[in-house]
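In UniProt numbering, the protein residues as written are 1 to 351.
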């Protein structure tokens, strides 16, 4: 009954009454464990009275009240949130020196304070303790570590943590993982960045459209063009024209030649009009590989149906290499059809 009343006073901000009631509990021998103290300490913390909570916490310790770590957890978190990071860290170390066993709440609390003070050694010690105690990390554990490893610029540890989190079936934090992905790209690990992108894509029904643009900006400069094509094929309508242009230019020059026509169709489906410069790069690439002439003919025929035509430079290059197609007349007819189709579709757009 008195404990229930203590909760009511503490939650209601009636701290003087709560303190008086705690004194009664002590005198009656009902405050031998930490729970009554925790109720008031938690109330004081939530009421913004961190220093008063700390004084009561220290009194509890001086009286030798048995603690399972709950009071420590409340105070470590309160000091951390209040910006008293060194005091929070000191308290975490005090608990660690006096207690052999931890639960997940206390481990997460200690991890947060060690991460906030950039104490890598203590962070690693907590992770070892977690393994030794067979405690499974939760979302809070993983996100705390990912954020810390990112801030500490150890992106490979952040990547491994994301991998572990995904493998254990936890929901990934898109904003945090996007940051990891960008860091990996800047550090020269584009394959790992693409892996994070895929983990995010398959763990969430929808991701922010900017994610596709970000990963494309990593993959194209790294010339991971097959991976970039996968991104474009599924999300071209969510990617800016300038990024599509950069991808298309790179792919026509360095991408898998057997996929060029597929890339053209994917770009066209998105509603993006492919420039004559892009077609010119593809044509030049095909002409350098005579055994791919059938793919070139397929591309030129496809262009007719979509209202595309080549520019004068590509036209001259095709006519100059017409022997690839057997007769010059074949290529001349295709180019003529392109011009007619291009003008017809152009007139429709004007109307």
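Where is the CB? At the ideal position from N, CA and C, for every residue including glycine. These numbers come from a predicted model, not from an experiment.
Exercise. Using the C-alpha atoms, what's the distance from residue 60 back to residue 136?
Worked result: 31 Å
Exercise. Is residue 93 helix, strand or coil by DSSP?
Worked result: helix
For this session: Output yes or no for whether 8 Å exceeds the beta carbon distance between residue 53 and residue 78.
Result: yes
For this session: Answer with yes or no whether the minimum CB distance from residue 307 to chain C is below 8 Å.
Result: Included in the structure is just one protein chain, with no chain C present.
Problem set entry | At least 3 beta-carbon pairs within less than 8 Å: the region 127 to 144 vs the region 105 to 113 | yes
For this session: Quick one: grab the DSSP three-state call for residue 103.
Result: coil
For this session: Quick one: residues in its chain with C-beta nearer than 7 Å to the C-beta of residue 209, no 5 flanking neighbours on either side, listed in chain order?
Result: 238
Problem set entry | residue 334 (DSSP reduced to helix, strand or coil) | helix
Problem set entry | Top-ranked residue by Cα proximity to residue 163, from 181, 151, 153 | 181
Exercise. Among the residues of its own chain, which have a CB less than 8 Å from the CB of residue 350, if the five just before and after it don't count?
Worked result: Low per-residue confidence applies at residue 350: pLDDT is 42, beneath 50, and the placement is therefore not dependable enough to give any value.
For this session: Can you give me the Cβ contacts of residue 268 inside the same chain, cut-off strictly under 7 Å, excluding the 5 residues immediately before and after it?
Result: 274, 306
Exercise. Skipping 5 residues on each side, what residues in its chain have a beta carbon closer than 7 Å to that of residue 18?
Worked result: 6, 9, 10, 40, 43
For this session: In angstroms with no decimal places, state the Cα-to-Cα distance between residue 36 and residue 25.
Result: 8 Å
For this session: Would you kindly work out how many angstroms separate the C-alpha atoms of residue 203 and residue 166, rounded to a whole number?
Result: 8 Å
Exercise. Hey, how far is the Cα of residue 168 from the Cα of residue 158?
Worked result: 15 Å
Exercise. With C-beta atoms as the reference, is residue 213 less than 8 Å away from residue 243?
Worked result: yes
Exercise. Leaving out the 5 sequence neighbours to the left and right, which residues in its chain are closer than 6 Å to residue 299 when beta-carbon positions are compared?
Worked result: 261
Exercise. Any idea if residue 156 is buried or exposed, counting beta-carbon neighbours within 10 angstroms, 16 or more meaning buried?
Worked result: exposed
Exercise. Hey, would you say residue 314 sits closer than 8 Å to residue 271, going by beta carbons?
Worked result: no
Exercise. Going by Cα to Cα distance, which pick from 170, 206, 201, 149 is closest to residue 184?
Worked result: 149
For this session: Sort out for me which residues DSSP pairs residue 164 with in a bridge.
Result: According to DSSP, residue 164 bridges with nothing at all.
For this session: State the Cα-Cα distance for the pair residue 339 and residue 221, rounded to the nearest angstrom.
Result: 35 Å
For this session: Mind reading off the beta-carbon distance from residue 297 to residue 325? Whole number of angstroms is fine, and I expect it under 8 Å.
Result: 7 Å
Exercise. In terms of residue numbering, what span does the alpha helix (DSSP H) encompassing residue 305 cover?
Worked result: 293 to 306
Exercise. Under the three-state reduction of DSSP, which class applies to residue 289: helix, strand or coil?
Worked result: coil
For this session: Would you give the residue range spanned by the alpha helix (DSSP H) that residue 214 belongs to?
Result: 210 to 219
For this session: Compare the C-alpha of residue 85 against each of 46, 301, 113 and name the closest.
Result: 113
For this session: Could you spell out where the alpha helix (DSSP H) holding residue 245 opens and where it closes?
Result: 241 to 254
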